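So the structure is just underneath, and the comments pick up after that.
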Amino acid sequence: MIVKSSGGSLGGRYDPSTDTWTATSTTNAPTAYSPSAVWTGSEMILWGGSSANVINTGGRYNPSTDSWTATGTTNAPAPRGGHFAVWTGSEMIIWGGGGSNGTSYFNGGRYRPTTDSWVATCDQNAPVGKGTAIWTGSEMIVWGGRGTDGMILNTGGRYSIRAISISHWSWKHLAQILSVGL
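With my numbering applied, the sequence shown corresponds to residues 46 to 227, in that order.
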């Protein structure tokens, strides 16, 4: 297990077999509050969050080398916090969140660590700007959050890789539940 302090560069790796913690390197470590995080199988990727303002930068931590590498920023989504991220097996998808001055985002980006590059997501008919998400193996299912009018949603959507190709994803809306329960 790898953890990183929010708003600082300190972090640690936990080894359950020895019940011990080891400090992670602080060199080049991101310092944002509340970034999104995914585990790739070999690296932890952190992205976004806020320092003095919301940011659109991040870092990749490799526990084998105890080192941080900055994520690329070319074509990265707009700076944001409060977004969520999923790992597809080859890409980190970030979605939603908010920017400065209360701006809500109903879009995101796909980060490819193998090329250190960003690709924009399709936001046509996107159902939510904030909420939560999971990866099914072929789709990102997004649920809840707030709509463009700021109202709490009791619906979601599926962001599908199967639509046409990996370069063209599409949204499919999900049915509503009976009550939000919030």
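Glycine residues also receive a C-beta, built at the ideal position from the N, C-alpha and C atoms.
Keep in mind it's a predicted model, so treat the numbers as computed, not measured.
- With distances taken between CA atoms, Arg191 lies nearest to Trp140 out of Thr118, Trp140 and Gly103.
- One Cα belongs to Met185, the other to Ser81, and the distance between them is close to 15 Å.
- DSSP, reduced to helix, strand and coil, places Ser145 within a helical segment of the structure shown.
- Its Cα nearest to that of Asn120, the residue Asn101 stands out among Thr110, Thr114, Asn101 and Thr69.
- Rounded to the nearest whole angstrom, the CA to CA distance from Asp194 to Gly142 is 14 Å.
- As computed with DSSP, Asp60 is found in a beta bridge with Thr65.
- Here Tyr150 carries a coil assignment [DSSP, helix/strand/coil].
- Note that the C-beta distance between Gly57 and Ala74 is not below 8 Å.
- Spatial neighbours of Thr118 in its own chain (CB-CB distance under 7 Å, excluding positions within 5 residues in sequence) are listed in chain order as Asn101 and Thr102.
- Per DSSP, the continuous beta strand (DSSP E) segment holding Gly104 begins and ends at Gly103 to Asn107.
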